[in-house]
Amino acid sequence: MTLNIGVIGTGAIGRDHIRRCSQVLQGARVVAVNDINRDNAAKAVNDLQLDARVYDSGHDLIKAADVQAVLVTSWGPSHEEFVLAAIAAGKPVFCEKPLAVTAQGCKNIVDAEAKYGKRLVQVGFMRPYDQGYRALKQVLTSGQIGEPLMLHCAHRNPTVGEAYTTDMAITDTLIHEIDVLRWLLDDDYVSVQVVFPRKSPKAFPHLKDPQIVLFETAKGTRIDVEIFVNCQYGYDIQCEVVGETGIAKLPEPSSVQLRSGARLSTEILTDWKDRFIDAYDVELQGFINDVAAGQLTGPSAWDGYAAAVTADACVAAQLSGEIVPVTLPARPAFYNKPSA
Ligand code: NAI
Ligand code: ISE
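Numbering (this note's numbering), first residue to last: 260 to 599.
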């Protein structure tokens with residue numbers, strides 16, 4: 260069976276996902292696209308040589324008879340309405356992060372999905388599909404370093420645009436760590452604090468950069484995550500777990516070791532699209548396969564909600580400087596099946 264996919268939002272990641280669905284992955288084709296900037300959608304169809312219809316409205320695309328599943332890759336504030344519309348139409352939907360820009364928005368989706376009675380939503384948290392994170396989780400699960408006591412992590416982007424604000428370091432960037440560390444540790448957060456080191460002069464005046472986010476989990480593990488989105492030198496994701504008897508570190512992406520000009524060096528990637536290219540492939544292939552099998556198993560609407568509740572606490576902590584509790588209601592039984 261070939262799954263007919265409709266894509267809403269043909270910007271950076273939308274185009275990348277269209278490319279992988281139509282050129283890399285098995286069992287799917289893109290039959291419909293939409294973007295509020297119609298030229299963007301038409302250009303994607305043309306550039307990627309798609310046999311796809313351009314829709315003027317995302318809602319019409321969702322309702323189209325030949326669209327069997329929906330990819331939402333538009334700006335965050337539009338996600339909730341499209342995901343709710345896909346659930347109302349009974350169509351599986353893969354939604355890029357954030358699931359919604361508020362915790363209440365995510366909760367609306369959780370409630371709508373639970374009322375529908377079957378999982379229809381997968382959130383685009385791709386790091387649990389990254390080989391490196393998977394290997395790290397295997398080490399933790401094997402008990403080789405005992406229980407995790409502390410994590411030291413970093414999320415560094417070379418630069419960000421002027422529209423990027425201090426809270427986006429949480430809602431747009433840290434949101435990946437919020438999700439993947441919860442998955443890695445099989446734990447939930449209970450409190451968070453944010454501290455601001457000396458500001459980088461490379462950041463726009465309105466942006467506080469870097470930031471350090473300090474979490475405590477229910478099991479008592481302490482996590483520090485450095486977010487530095489104007490680090491200049493590359494796109495760099497770090498994660499080191501300090502356990503009772505040893506340390507486990509996220510592997511670096513593989514790269515040729517170079518001896519040249521009296522230096523020993525390896526390349527550092529500069530773009531998130533390249534750093535997680537395999538993980539994006541695996542997550543979307545997983546969605547396509549799961550839709551065909553009739554049961555979604557990837558990051559759920561509940562995971563999107565848990566991330567949003569935690570992100571809200573982080574933003575409150577940015578503003579107050581205080582330790583802020585993270586209060587997540589108990590997970591409904593509906594979401595108890597294990598995630599991928
Ligand atoms: P972008 O700005 O390059 O593209 C977004 C596109 O959505 C634009 O073409 C815009 O015209 C369109 N759009 C906005 N509102 C719309 C609406 N109501 N209806 C139809 N089209 C609409 O942004 P980018 O970088 O592609 O990000 C899109 C989403 O993907 C964001 O939620 C972002 O957080 C997420 N993202 C996820 C990444 C990941 O690593 N999983 C990486 C980058 C982005
Ligand atoms: C972007 O939206 C992403 O999701 C990238 O993975 C992240 O590294 C970047 O900071 C975000 O702006």
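For glycine and all other residues, C-beta sits at the position ideal for the given N, C-alpha and C.
Query raised in the report: Does the stretch 520-539 come close enough to the stretch 447-456 to have 3 or more Cβ pairs within less than 8 Å?
Result: With a cut-off of 8 Å, the stretch 447-456 and the stretch 520-539 do not count as touching, because too few Cβ pairs lie within range.
Query raised in the report: How long is the line joining the alpha carbons of residue 267 and residue 584, rounded to whole angstroms?
Result: Taking the sequence shown and counting its residues from 1, one reaches residue 267 at position 8. Taking the sequence shown and counting its residues from 1, one reaches residue 584 at position 325. Approximately 35 Å, taken between the alpha carbons.
**Report entry** Reduced DSSP secondary structure (H/G/I, E/B, other) of residue 508
**Finding:** As a working note, residue 508 is residue 249 in the sequence shown. Strand, per DSSP.
Query - Any non-hydrogen atom of ligand 2 within 6 Å of residue 432 CB - result: The sequence position of residue 432 within the sequence shown is 173, counting from 1. Yes.
Query raised in the report: Under the three-state reduction of DSSP, which class applies to residue 270: helix, strand or coil?
Result: Counting from 1 along the sequence shown, the entry for residue 270 is found at position 11. It is coil, neither helix nor strand.
Query raised in the report: Is residue 303 helix, strand or coil by DSSP?
Result: Reading the sequence shown from its first residue, position 44 is the one you call residue 303. The answer is helix: DSSP assigns residue 303 an H, G or I state.
**Report entry** Supposed close pair residue 458, residue 468 - CB separation, criterion 8 Å
**Finding:** Within the sequence shown, the letter at position 199 stands for residue 458. Within the sequence shown, the letter at position 209 stands for residue 468. Their Cβ separation, rounded to whole angstroms, is 7 Å, which keeps residue 458 and residue 468 in contact under 8 Å.
**Report entry** Run of the alpha helix (DSSP H) containing residue 392, from where it starts to where it stops
**Finding:** Start at 1 with the first residue of the sequence shown, and residue 392 comes out as number 133. From DSSP, the alpha helix (DSSP H) with residue 392 extends over 390-401.
Query raised in the report: By Cβ distance, which residues of its chain are closer than 8 Å to residue 405, with the 5 residues on each side in sequence left out?
Result: Start at 1 with the first residue of the sequence shown, and residue 405 comes out as number 146. Answer for residue 405: 502, 503, 504 and 505, listed in chain order.
Query raised in the report: Alpha carbon to alpha carbon, what distance is there between residue 576 and residue 599?
Result: On the sequence shown, residue 599 is found 340 positions in, with the first residue counted as 1. On the sequence shown, residue 576 is found 317 positions in, with the first residue counted as 1. At residue 599, the pLDDT of 49 sits below 50, so the modelled position is not reliable; the number obtained from the coordinates is stated separately. C-alpha separation (whole angstroms): 31 Å.
Query raised in the report: Tell me which same chain residues have a C-beta within less than 8 Å of the C-beta of residue 326, skipping the five on either side of it?
Result: By one-based count along the sequence shown, residue 326 stands at place 67. Closer than 8 Å at the Cβ level, and outside the excluded window around residue 326, lie 263, 264, 265, 290, 291, 320 and 350.
**Report entry** Under the three-state DSSP convention, the category residue 497 falls into
**Finding:** Locating residue 497 in the sequence shown gives position 238, counting from the first residue. Here residue 497 sits in strand by DSSP.
**Report entry** Any non-hydrogen atom of ligand 2 within 6 Å of residue 489 CB
**Finding:** For the purposes of this step, residue 489 is identified with residue 230 of the sequence shown, where counting begins at 1. The answer is no for residue 489.
Requested in this report: For residue 470, count neighbouring Cβ atoms within 10 angstroms of its own Cβ and tell me buried if that reaches 16, exposed if not.
Outcome: Position 211 of the sequence shown holds residue 470. Around the C-beta of residue 470, 16 or more other C-beta atoms lie within 10 Å, and the residue is accordingly described as buried.
Query raised in the report: Hey, would you say the C-beta of residue 424 is under 6 Å away from at least one heavy atom of ligand 1?
Result: The residue you call residue 424 lines up with position 165 of the sequence shown. No - ligand 1 has no heavy atom lying nearer than 6 Å to the Cβ of residue 424.
Query raised in the report: Relative to ligand 1, is the shortest distance from any of its heavy atoms to the C-beta of residue 600 smaller than 6 Å?
Result: This structure leaves residue 600 out entirely; the chain is present only between 260 and 599.
Requested in this report: Please go through the same chain and pick out, in chain order, the residues whose beta-carbon is closer than 6 Å to the beta-carbon of residue 541, but skip the five residues on each side of it.
Outcome: Along the sequence shown, read from residue 1 onward, the residue named residue 541 stands at position 282. Result list for residue 541: 388, in chain order.
Query - Extent of the continuous alpha helix (DSSP H) run through residue 441 - result: Translated into the one-based positions of the sequence shown, residue 441 becomes position 182. Start and end: 434-444.
**Report entry** Nearest residue (CA-CA) to residue 386, options 284, 441 and 595
**Finding:** For the purposes of this step, residue 386 is identified with residue 127 of the sequence shown, where counting begins at 1. For residue 386, the nearest C-alpha among the options comes from 441.
Report task. Might you give, ordered along the chain, the residues of its own chain that have their beta carbon closer than 6 Å to the beta carbon of residue 308, omitting 5 neighbours on each side? Result -> Numbered from its first residue, the sequence shown carries residue 308 at position 49. Same-chain partners within the cutoff: there are none.
**Report entry** residue 476 versus residue 443 - alpha carbon distance
**Finding:** What you label residue 476 is simply residue 217 of the sequence shown in a count that begins at 1. What you label residue 443 is simply residue 184 of the sequence shown in a count that begins at 1. Spanning the two alpha carbons is a distance of roughly 12 Å.
Query - Among 527, 355, 481 and 508, the one whose alpha carbon lies nearest that of residue 515 - result: By 1-based counting over the sequence shown, the position of residue 515 is 256. Comparing Cα-Cα distances from residue 515 to each of 527, 355, 481 and 508, the minimum goes to 527.
Query - residue 380 - partner residues in DSSP beta bridges - result: On the sequence shown, position 121 is the one that residue 380 refers to. BP columns for residue 380 point to 352.
Query - Segment contact, 8 Å Cβ cut-off, at least three pairs: the stretch 563-575 with the stretch 361-371 - result: Touching, per the Cβ criterion.
Requested in this report: Tell me where the alpha helix (DSSP H) around residue 492 begins and ends.
Outcome: Looking up residue 492 in the sequence shown gives position 233. Note, residue 492: premise wrong, no alpha helix (DSSP H); not H, not E.
Query raised in the report: Can you tell me whether DSSP reads residue 407 as helix, strand or coil?
Result: As a working note, residue 407 is residue 148 in the sequence shown. Reduced to three states, the DSSP call for residue 407 is strand.
Requested in this report: Mind checking which residues open and close the beta strand (DSSP E) that includes residue 314?
Outcome: Locating residue 314 in the sequence shown gives position 55, where the first residue counts as 1. Unbroken beta strand (DSSP E) run through residue 314: 312-314.
Requested in this report: Confirm, please, whether the CB-CB distance from residue 508 to residue 489 is below 7 Å.
Outcome: What you label residue 489 is simply residue 230 of the sequence shown in a count that begins at 1. What you label residue 508 is simply residue 249 of the sequence shown in a count that begins at 1. No. Outside cutoff.
Query raised in the report: Since residue 583 sits in a beta bridge, which residues does DSSP pair it with?
Result: Taking the first residue of the sequence shown as 1, we reach residue 583 at position 324. Per DSSP, 451.
Requested in this report: Measure the alpha-carbon distance for residue 559 versus residue 419 and round it to whole angstroms.
Outcome: If you number the sequence shown from 1, residue 559 lands on position 300. If you number the sequence shown from 1, residue 419 lands on position 160. Roughly 28 Å separates the two Cα atoms.
Query raised in the report: Would residue 573 pass as a contact of residue 484 if the rule is Cβ separation under 7 Å?
Result: For the purposes of this step, residue 573 is taken as the residue at position 314 of the sequence shown. For the purposes of this step, residue 484 is taken as the residue at position 225 of the sequence shown. Result no, Cβ atoms of residue 573 and residue 484 do not sit closer than 7 Å.
Query raised in the report: When DSSP labels each residue in this structure, what does residue 276 get in the three-state scheme?
Result: Working through the sequence shown from its first residue, we reach residue 276 at position 17. Reduced to three states, the DSSP call for residue 276 is helix.
**Report entry** Rounded C-alpha distance that separates residue 311 from residue 323
**Finding:** In the sequence shown, the residue the question calls residue 311 occupies position 52. In the sequence shown, the residue the question calls residue 323 occupies position 64. Cα to Cα, the separation comes out at about 12 Å.
Query raised in the report: Given that a residue counts as buried once 16 or more other Cβ atoms are within 10 Å of its Cβ, and exposed if not, what is residue 356?
Result: Taking the sequence shown and counting its residues from 1, one reaches residue 356 at position 97. When all chains shown are included, residue 356 counts as buried.
Requested in this report: Would you kindly report the start and end of the unbroken beta strand (DSSP E) that includes residue 590?
Outcome: Position 331 of the sequence shown, counted from the start, is the residue given in the question as residue 590. Per DSSP, residue 590 is not a residue of any beta strand (DSSP E), being assigned neither H nor E.
**Report entry** Identity of the residues DSSP links to residue 265 by a beta bridge
**Finding:** If you number the sequence shown from 1, residue 265 lands on position 6. DSSP lists 291 and 329 as partners of residue 265.
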